[in-house]
Structure formats: structure tokens, C-alpha cells
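Trainee: Here the sequence shown stands for residues 1 to 736, numbered as in full-length UniProt numbering. Beta carbons are placed, not taken as given, at the ideal position from N, Cα and C, and that holds for glycine. This is the structure, below, for whatever I ask next.
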Amino acid sequence: SPVSVLGEIVVNEVNFVRKCIATDTSQYDLWGKLVCTNFKISFITDDPMPLQKFHYKNLLLGEHDVPLTCIEQIVTVNDTKRKQKVLGPNQKLKFNPTELIIYCKDFRIVRFRFDEAGPESAKKVCLAIAHYSQPTDLQLLFAFEYVGEIYHNPAKKVNGIDPGGGGGGIGSASGQQTPLFETYSDWDREIKRTGASEWRVCSVNEGYMISTCLPEYFVVPSSLADQDLKLYSYSFIGRRMPLWSWNHPNGSALVRMANIKDVLQQRRIDQRICNAITRSHPLRSDVYKSDLDKCLPNIQEIQAAHIKLKQLCVNEPFEETEEKWLSSLENTHWLEYIRSFLKHSAELVYMMECKHVSVVLQEEEGRDLSCLASSLIQVMLDPYFRTIVGFQSLIQKEWVMAGYQFLDRCNHLKRSDKESPLFLMFLDCVWQLLEQYPAAFEFSEMYLTILYDSARISLFGTFLFNCPHQRVKESTEFAISKNIQLGDEKGLKFPCVWDWSLQFTSRDRLLFHNPLYIGKSAPCVQNGAVKTFKRSKKNYSSTLRGVPPALKNGIISEQEFLPRRNSLILKLKPDFLQQTESQSSSMEQYFRDWFAKPVDLHGIILPRISGTQIKLWKLCYFRWVPEAQINHGGFITAFHKVSLLADEVDMLNRNLRQYKSNSSLQGNCSELDQSRMYFRANSLNDTSGAPDFLSSSFPFSPVGNLCRRSILGTPLSKFLSGAKIWLSTETLANED
């Protein structure tokens with residue numbers, strides 16, 4: 001059935017449709033029915049998928065489905081009349097389409113042919129897709145339809161799960177819930193967790209009485225009274241008072257602040273706020289202000305870079321651009337911007353860690369660049385945010401509740417001129433850190449990619465709104481229009497993206513776990529009792545022995561470590577931390593000293609940002625490109641081997657505990673079946689090879705996603721199929 005979710009209805013469908021699988025031949029094409037629902041477009045076929053050995057199943061979406069919010073552009077084509085048209089929401093189509101091409105926001109391109117289908121039916125389906133994927137109003141997004149059904153039929157909760165829960169649902173050993181920061185107590189717990197004793201939770205914005213773009217509860221210096229806050233709020237853009245984000249163990253705080261628009265009051269209010277932050281510091285340290293608008297790329301530049309990156313990964317036929325591929329990558333500026341965010345965040349880490357000062361992130365509205373910078377700083381400083389539950393709580397706290405405008409920036413209604421992929425850039429920055437310190441993160445790159453995809457599934461309320469107030473306001477209006485009794489609830493509760501069980505089975509969720517992760521302590525069995533030993537820094541020093549000194553130190557001079565010609569990595573000038581300020585040299589010294597020592601995975605991690613060390617996130621951007629897929633290759637092959645090793649170690653540990661406690665095998669059979677790994681060792685000393693379905697795109701499959709024409713016979717295809725060097729076109733010509 002095309003309908004998989006409560007509230008989903010079929011709007012239009014057409015039979016005898018052909019889905020194109022390969023660009024240069026129709027021999028693999030699939031025949032089936034193309035369906036448009038109010039949630040997704042679906043292709044239903046009985047033909048087995050050719051060339052594909054593995055399918056990672058999403059419980060909400062079939063193999064060929066695209067959620068409506070993931071559609072970027074719809075192009076209809078008529079071969080005989082040589083016409084094509086980009087379909088807007090309420091446009092007429094004057095010709096019968098022979099082909100439909102759908103460009104998706106995740107860089108997929110899907111193509112359908114209507115040669116055998118009824119021409120009128122084909123036209124109707126195209127118009128329906130155009131209409132439903134470009135809604136005119138927020139309340140027309142599918143999440144509202146779904147939640148309306150839930151409230152009218154409480155018995156029909158999906159998988160028996162309450163919408164809006166924080167959902168541990170990830171198979172994490174603790175099964176912890178993700179704090180959503182919608183309540184006073186979540187903020188209070190975070191104050192206690194970080195030891196911010198001179199800060200308090202403020203409820204002056206309850207009912208969004210002061211600012212509609214702030215959460216109802218947030219944290220302020222204890223010395224600031226509610227009356228003063230109300231008074232000061234008028235001077236800030238959007239009445240966005242300063243927001244506390246995090247506290248360093250040394251007492252330094254990380255605070256986000258919008259600009260003060262009242263020029264006459266500016267100095268006075270600024271001084272009062274800074275004094276209050278200083279009083280909240282045990283050393284009464286100064287406040288260091290960072291004006292993010294001046295030192296980071298703006299949202300328009302980031303959007304322009306993303307468009308260029310998409311063209312590079314999707315539109316260009318490889319054979320024409322391959323010689324220029326690396327310079328084209330450099331010209332997108334995407335990697336350069338990632339580097340500037342990592343670099344600036346690392347400098348602010350230094351200010352908090354070494355200078356013991358509180359850092360204020362200043363930005364015009366305080367809800368774009370500061371989401372990204374504050375999150376990155378916390379990922380670098382606090383190992384809790386490198387666990388799955390911690391990372392999810394960070395996104396809730398710094399993005400969802402702090403008023404990052406997901407609706408406009410993700411352009412869910414396809415009408416925003418404010419679109420900008422800041423959230424993707426954040427996930428990419430985190431991926432860079434994960435790539436450099438794989439043992440420091442509990443989650444895998446698959447988790448980051450799937451999280452990015454989930455932002456474009458319109459069932460979840462998490463990434464649907466511009467701010468918490470918008471959710472309450474719009475859903476209350478919707479409830480009234482649909483006769484839904486809200487009772488004491490503030491607005492409707494939407495399904496939460498952290499409820500991963502809505503999308504994946506517990507088995508599939510194991511792919512989110514990083515087998516290289518070293519938890520805070522490892523269990524060790526002694527005299528039958530399980531003890532935990534803390535890992536000291538010494539445990540890690542071995543990983544750095546034998547590494548050339550240039551590599552131990554992340555700040556490498558360009559002469560010492562020049563990139564290979566044609567490496568898929570951005571070359572950049574060595575301008576790391578060239579600042580005019582006096583602290584420049586002590587900052588450089590701090591970074592030098594830090595990189596010279598072995599990394600404490602449960603302490604600070606700092607990015608290596610010289611040109612060769614910022615890479616392109618291939619799993620995310622190349623996964624739908626058949627030509628870029630490396631069969632039996634890519635990072636997943638190492639992931640697979642490490643998973644088997646980790647699983648073996650777990651098995652040994654369990655056997656050892658079993659043996660020590662002399663318990664009967666039957667009594668504890670369930671424990672022996674438990675594994676935290678997706679790939680499992682069948683037995684100890686398992687030497688079976690890697691599964692046949694592993695590829696650099698795993699767990700995604702590029703089959704049927706037509707990014708480019710074929711590149712067979714080009715240098716890249718030779719390179720991907722195992723040639724040692726990237727040959728030039730001339731040598732190939734001679735060879736043939």
C-alpha cells in the first residue's frame with residue numbers, strides 16, 4: 001500500500017510508469033505505479049531492483065519514496081514537442097508530459113517516463129505533485145494532518161508512541177530520554193550538570209509574554225532581576241535578551257546575545273549585561289565579545305556556496321568537468337566556510353579554557369551564526385555533547401529552542417528568500433571533527449546523514465518551525481479550526497525526530513553507533529565483580545607514536561605537508577590564527593602545545609584545519625551518484641571490521657562475566673544475545689569476509705538516482721575501479 005502513515009491519503013496516481021534506473025540504457029528500468037499522497041511521492045513496483053544488493057529500510061518511506069518536503073524542483077518534459085517546464089504550485093500545463101524529473105534537496109534526481117501511461121493521468125499526477133509539494137501555508141504541511149488524526153483517534157498512536165516525546169529510542173544502553181528544554185526543570189538540570197552556580201532559570205517569558213522568538217524558559221545571571229530583564233528587553237532586536245548556553249568548569253560562561261538596537265541606551269545596557277556576566281564568574285573575569293557578523297560568512301554566502309556545491313555534485317557531467325573538478329570544488333567556498341567556523345570556534349575555546357573569560361557571541365538577531373558557533377564550541381569542550389543523547393539535547397537547546405528559523409532556512413514552503421543550509425553546515429563541521437577524532441564520538445557518520453535527511457520529513461515538529469512560539473500559535477489555531485480540545489496543553493504535540501523508532505527498527509538503529517567510540521570507562525572483571533577503570537591519557541599516547549612530528553601537530557606549515565596533486569581536499573594558504581591582537585602568540589602556543597600532546601578523548605578536542613585536513617563529506621554529498629560509488633570500498637569497510645572486533649570483545653566480556661559469576665547459561669541467555677553492533681561476529685575469531693553489499697554509499701543506494709551521464713572510460717572510472725593513479729585523458733586515449 002502506498003499509504004504508510006496515519007492521516008496520509010492518496011491524491012493522484014498513474015499506472016504503467018517507467019522509472020529510469022540507468023542514464024545510458026533502459027534495460028534496467030522498472031515498471032509500476034506513480035502515486036502522489038499528501039506526505040510523499042511513491043513508486044510502487046513488483047519488479048526487483050536491479051544492481052542493488054542492500055536496502056536500508058525507513059519505516060515511513062519505501063525504497064522509491066520521496067517526502068514532499070524533500071522536493072526542490074519539478075520539471076516536466078515533452079519529447080516530441082521539445083518542451084520542458086518547471087512546475088510551480090498553481091500553474092497550468094499546456095502539454096502532456098512524456099517525462100517527469102524530480103530534483104531533491106538531498107542531491108537526488110529521480111526520473112519517470114510516461115510512454116505507456118494515459119497522457120491525461122500523467123499530467124494530473126505531475127500537477128498534483130507540484131501542488132502538494134509547494135503548500136501555500138504552514139498548516140498544510142503533513143505534520144498537521146497527522147497530529148489532527150492522532151488527537152481525534154487517540155488509540156491510533158504510531159507504534160504506540162506518544163507524539164512529542166524526547167525518545168531515547170536509539171538502542172542506547174541507558175535508554176535515556178533526550179531533554180527537550182521546553183520545561184523549567186530541563187534548564188535547571190543543565191545548570192547543575194555544568195556547575196553554573198551563579199546562573200538561574202528565568203521564567204519571565206512564560207506564555208511568550210516578552211519575546212515570541214525566545215523559549216519560555218532560559219538561563220540568566222543570578223544578579224539580573226526579572227524587572228530589569230523586562231526593561232532591557234525592549235532595546236534588543238526581537239526583544240531577544242542574552243541567552244546562557246554553557247558553563248566551563250573554570251566558571252567561564254558561553255552566552256548568546258542579539259544586537260542592541262537602541263543606540264542611546266546601547267552602552268549603558270551593554271555594560272549592565274557584561275557586569276552581570278562578570279559577577280557570575282568565580283574569578284570576576286572580563287567578558288570577551290565576538291561579533292560573528294564581522295568574522296564569519298553570512299547566510300547569503302553560505303547559501304551561494306551550497307548551490308555551487310550542489311551543481312558540482314549533481315548537474316555537471318563528470319567527463320566535461322573532471323579536469324577542473326578540484327578548482328571547481330575550491331570555487332564553491334564550501335570547505336573554506338567550514339574551515340572558518342571551525343577556526344573561529346577553536347579560538348573561542350582557547351579564550352574560555354586558557355584566558356578564563358566568559359565569551360559572548362554577538363549577532364544581529366542572535367539566531368543563525370550563533371546557533372552554529374555555540375554548538376561547535378560545546379562539542380569541542382564537553383564530551384557529553386559527543387554522545388548521542390547529549391548531541392540531540394544540544395540541537396534542542398541551541399537550535400530548536402533558541403529560535404533557529406527552520407521553516408525559512410530549510411524553505412519547507414518553497415517560498416522563502418531566506419533559505420540557507422546552516423544546519424547542514426553544522427553537521428558537516430561535526431563530521432570533520434568525527435573524521436579527525438573517530439574514537440571521541442558515540443555516533444557514526446550514518447547517524448549525522450540520517451539526521452540531515454530527517455529535517456526534510458514533514459512528519460516531525462522538531463525541524464518544522466521558526467521558533468517554539470510559532471509551533472504553539474499555529475497549532476492552537478489549527479486545533480480550534482478542527483475542533484480539537486487542547487485542555488491544559490500549550491499547542492499540539494508533534495512527533496519528535498529523536499523518537500528514532502518511528503523511522504527505524506532497533507536493529508537498524510545500531511548503525512547510529514560508532515564502533516570506535518571509547519566510553520567514559522570500560523568494565524573490567526576482577527574476582528567475579530565488575531569494576532570500571534578510568535582510562536588515563538597514557539592509554540592514547542600509543543596511537544601517536546611513530547607519527548611524523550608534523551602530523552602530531554595540527555598546525556602544519558604548508559611546506560611541511562603539501563597536499564597531493566588532485567587530492568579531493570581543499571588547498572588553503574597558511575593563515576591560521578594570524579591576528580593582530582597581543583594574545584595571538586599565546587594562542588598559537590596553546591594550540592601547538594595541545595597538538596603536541598596525546599588527545600584526551602574525554603576532554604577538549606580541537607580541529608586540525610590546515611588545507612589538507614578539511615575534507616568533502618562524501619557519504620552525504622556523493623551517496624546518490626552511481627559513478628562515485630566504490631564497491632567494497634569506502635570508510636564502511638573499516639567500520640565493518642572494527643564492529644566485528646568490538647563485538648568479539650563484548651562477547652568475551654560477557655562470557656567472562658558469565659564464567660566468573662557461575663550463573664546458569666539459561667538464566668542469562670538474553671544478555672548473550674545483546675550486541676551494540678550492527679555487524680556482528682558470528683563466533684569468536686570470526687574470519688568471514690565483508691558482506692557483498694558494502695560500498696562507499698552504504699547504507700544508501702544510488703541505484704535509480706540519475707545524477708549524471710555515464711563516465712565509463714574516463715579517468716575517474718579507471719581510478720574508482722582500482723587504477724593506482726588518476727590518469728590523464730591523453731594516456732587513456734593512447735591506451736585504447
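1. Excluding the five sequence neighbours on either side, which residues of its own chain have a C-beta within less than 8 Å of the C-beta of D408, listed in chain order?
2. What runs of the beta strand (DSSP E), each 3 residues or longer, lie entirely inside the segment 3–42?
3. Starting from the Cα of L464, find the closest Cα among H412, P119, N153, V204 and give me that residue.
4. Taking only the alpha-carbon atoms, compute the straight-line gap between Q387 and Q396 and give it to the nearest angstrom.
5. Check each candidate in L127, A638, S696 and name the one with the smallest Cα separation from V625.
6. Mind reading off the beta-carbon distance from R113 to T98? Whole number of angstroms is fine, and I expect it under 8 Å.
7. Since W399 is in the alpha helix (DSSP H), which residue starts that stretch and which ends it?
8. I believe W199 touches S222 by the beta-carbon criterion, under 8 Å. Please report the beta-carbon distance rounded to the nearest angstrom.
9. Is the Cβ-Cβ distance between A305 and H344 less than 9 Å?
10. Can you tell me where the alpha helix (DSSP H) with I518 in it begins and where it stops?
11. Within a Cβ cutoff of 6 Å, which residues of the same chain sit near K490, ignoring the five residues on either side of it in sequence?
12. Would you identify the three-state DSSP class for A258, choosing helix, strand or coil?
13. Looking at the unbroken beta strand (DSSP E) that takes in Q73, where does it start and where does it end?
14. Compute the distance between the beta-carbons of I71 and K105, then report whether it is under 9 Å.
15. Does F112 come out as helix, strand or coil in the three-state DSSP assignment?
16. Can you tell me which residues form a DSSP beta bridge with A253?
17. Any contact between the segment 450–457 and the segment 377–384? By contact I mean 3 or more CB pairs, one from each, below 8 Å.
18. Check whether the segment 186–197 and the segment 246–262 are in contact - that is, three or more C-beta pairs closer than 8 Å.
19. Entirely within the segment 117–142 and at least 4 residues each: give me those alpha helix (DSSP H) ranges in chain order.
20. With a cut-off of 8 Å on the beta carbons, I'd call C429 and I299 a contact; round off their distance for me.
21. For the alpha helix (DSSP H) holding W334, just list the boundary residues, first then last.
22. Which of helix, strand or coil does DSSP assign to C202?
23. If we ignore side chains and look at the alpha-carbon of each, how far apart do P468 and P119 end up?
24. I'd like the list of long-range same chain contacts for K123, defined as Cβ closer than 7 Å, with 5 residues on each side in sequence excluded.
25. Is it buried or exposed, K538, if we count other Cβ atoms within 10 angstroms and call 16 or more buried?
26. Helix, strand or coil, according to DSSP, for E363 in the structure here?
27. State the CB to CB distance for the pair S458 and T69, rounded to an integer number of angstroms; the pair is presumed to be in contact (CB under 8 Å).
28. Which one of V125, I302, S370 has the shortest CA to CA distance from K289?
29. Report the partner residues of I44 according to the DSSP bridge assignment.
30. Applying the criterion that 16 or more other CB atoms from any shown protein chain within 10 Å of the CB defines a buried residue, is E116 buried or exposed?
31. Using DSSP's beta-bridge definition, name the partner residues of V220.
32. State the Cα-Cα distance for the pair F504 and A346, rounded to the nearest angstrom.
33. Starting from the C-beta of A440, find all residues in its chain whose C-beta is less than 6 Å away, skip the five residues before and the five after it, and write them out in chain order.
34. Specify the secondary structure class of S557 as computed by DSSP and reduced to three states.
35. With a Cβ-Cβ cutoff of 9 Å, do L30 and P50 count as a contact?
36. If you run the structure through DSSP and keep just helix, strand and coil, what is C104?
Mentor: Straight from the coordinates:
1. S416, K418, E419, N466
2. 10–19, 30–37
3. H412
4. This sequence places Thr at residue 387; Gln is not what is there. Their Cα atoms are separated by approximately 14 Å.
5. S696
6. 7 Å
7. W399 -> no alpha helix (DSSP H), and no H or E assigned at all.
8. 6 Å
9. no
10. First-last for I518: undefined, no H or E at that position.
11. V472
12. strand
13. 71–78
14. yes
15. strand
16. N247
17. no
18. yes
19. 119–132
20. Not quite, the Cβ-Cβ distance comes to about 15 Å (not below 8 Å), so this is no contact.
21. 334–353
22. strand
23. 45 Å
24. L93, N96, P97
25. Confidence at K538 is low in this model, with a pLDDT of 35, below 50, so the placement of that residue should be treated as unreliable; the coordinate-derived value is given next. Exposed, by the Cβ-count rule.
26. strand
27. 4 Å
28. S370
29. K33
30. exposed
31. R200
32. 35 Å
33. R386, L601, I605
34. With a pLDDT of only 34 at S557, under 50, the local geometry of the prediction cannot be trusted, and no value is derived from it.
35. yes
36. strand
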